[in-house]
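Notes follow once the structure below has been shown.
Residue numbers (the UniProt record's numbering): 1 to 197.
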């Protein structure tokens, strides 16, 4: 039977105590009082910021958008089927951001910037605030060249400037998607980046 001497035990204990890393932190925790239709109502998240990311106990994330005096409305970024009344929510202290990279060009992603085209993960080294202000009019390059849509009616009567954002409005079944996809297809070989949302 092996015996340990007091000085050996003392040395082992001293080493363990010196290696111990005590982490003390304060977290902003709330509790779910209602959940449904992609929205969760939370109490107890004092000091949360508008647009701040939160994490639910089961892993779903959300964005705080409706700040009221007694509760917070959180938009769920996932199905949230496992979130139950009484479960805990932790504020992250970070405003909602989205990863940005040229690797996203040509890919199909969902609202959480996760690829859904089956071509693997997208590596992004930078991120940008979702609610970031647009650059001022002075800092933008002027629009001086038309974007050829390939649709004669648009190109001749209401031309689109290269670099502009466009909103296509119309009733159902009037060809809005066809106009957008035809315009994108017409840019092949033109050194134009098209983003379809």
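Ideal Cβ positions, reconstructed from N, Cα and C, are used throughout, including at glycine.
Note that the structure is predicted; figures quoted are calculated from it, not measured.
Which same chain residues, not among the five before or five after residue 97, have their C-beta less than 7 Å away from its C-beta?
By one-based count along the chain shown, residue 97 stands at place 97. Sequence-distant partners of residue 97 (beyond 5 residues in either direction) whose C-beta falls short of 7 Å from its own C-beta, in its chain, are 127, 128, 129 and 130.
Whole alpha helix (DSSP H) runs in the segment 135-172 with 4 or more residues, listed along the chain?
Within the segment 135-172, complete alpha helix (DSSP H) segments of at least 4 residues are found at 152-157, given in chain order.
Report the three-state DSSP secondary structure of residue 122 (helix, strand or coil).
For this step, residue 122 is matched to residue 122 along the chain shown. In the displayed model, residue 122 falls within coil according to three-state DSSP, outside both helix and strand.
Beta-carbon separation of residue 30 and residue 54 under 9 Å?
For the purposes of this step, residue 30 is identified with residue 30 of the chain shown, where counting begins at 1. For the purposes of this step, residue 54 is identified with residue 54 of the chain shown, where counting begins at 1. Contact: yes.
On the CB-based measure, 16 or more other CB atoms within 10 Å of its CB, does residue 52 come out buried or exposed?
If you number the chain shown from 1, residue 52 lands on position 52. In the assembly as shown, residue 52 is a buried residue. Its beta-carbon has 16 or more other beta-carbons within 10 Å.
With a threshold of 16 other CB atoms inside 10 Å of the CB of residue 81, please say whether the residue is buried or exposed.
For the purposes of this step, residue 81 is taken as residue 81 along the chain shown, with counting starting at 1. The residue in question, residue 81, is exposed, as its Cβ has fewer than 16 Cβ neighbours within 10 Å.
Bridge-paired residues (DSSP) for residue 53:
The residue labelled residue 53 in the question sits at position 53 within the chain shown. DSSP output for residue 53 lists 63 as bridge partner(s).
Thinking C-alpha only, which one of 142, 38, 107 and 152 is nearest residue 195?
Start at 1 with the first residue of the chain shown, and residue 195 comes out as number 195. The residue with the shortest Cα to Cα distance from residue 195 is 107.
Within its chain, find whatever has a CB closer than 8 Å to the CB of residue 141; leave out the 5 residues flanking it on each side and keep chain order.
Numbered from 1 along the chain shown, position 141 holds the residue referred to as residue 141. Counting only Cβ-Cβ distances below 8 Å, and skipping sequence neighbours, we find 163.
Can you have a look at residue 178 and say buried or exposed, based on whether 16 or more other CB atoms are within 10 angstroms of its CB?
The residue given as residue 178 occupies position 178 in the chain shown. Exposed is the call here.
Check whether the Cβ atoms of residue 112 and residue 78 sit closer than 9 Å, and answer yes or no.
Taking the first residue of the chain shown as position 1, residue 112 is located at position 112. Taking the first residue of the chain shown as position 1, residue 78 is located at position 78. Pairing residue 112 with residue 78 gives a Cβ-Cβ distance under 9 Å.
Does residue 42 pass the burial test, meaning 16 or more other C-beta atoms within 10 Å, or should it be called exposed?
Position 42 of the chain shown, counted from the start, is the residue given in the question as residue 42. Only buried fits residue 42, as 16 or more other CB atoms lie within 10 angstroms of its CB.
Take every Cβ of the segment 83-102, pair it with every Cβ of the segment 52-71, and state whether three or more of those distances are shorter than 8 Å.
Contact between the segment 83-102 and the segment 52-71 is present, because at least three Cβ pairs lie under 8 Å.
Are the beta-carbon atoms of residue 109 and residue 122 separated by less than 9 Å?
For this step, residue 109 is matched to residue 109 along the chain shown. For this step, residue 122 is matched to residue 122 along the chain shown. At the C-beta level, residue 109 and residue 122 come within 9 Å of one another.
With 16 as the cutoff for other CB atoms within 10 Å, does residue 116 come out buried or exposed?
Numbered from 1 along the chain shown, position 116 holds the residue referred to as residue 116. Counting the other Cβ atoms within 10 Å of the Cβ of residue 116 gives fewer than 16, which makes it exposed.
Check for me: the beta strand (DSSP E) holding residue 92 runs from which residue to which?
Taking the first residue of the chain shown as 1, we reach residue 92 at position 92. 88-95 is the extent of the beta strand (DSSP E) around residue 92.
Tell me, which residues are paired with residue 99 by DSSP?
What you label residue 99 is simply residue 99 of the chain shown in a count that begins at 1. According to DSSP, which records beta bridges pairwise, residue 99 is partnered with 127.
Note down the Cα distance separating residue 23 from residue 14, rounded to an integer number of angstroms.
If you number the chain shown from 1, residue 23 lands on position 23. If you number the chain shown from 1, residue 14 lands on position 14. Going by C-alpha positions, residue 23 is about 19 Å away from residue 14.
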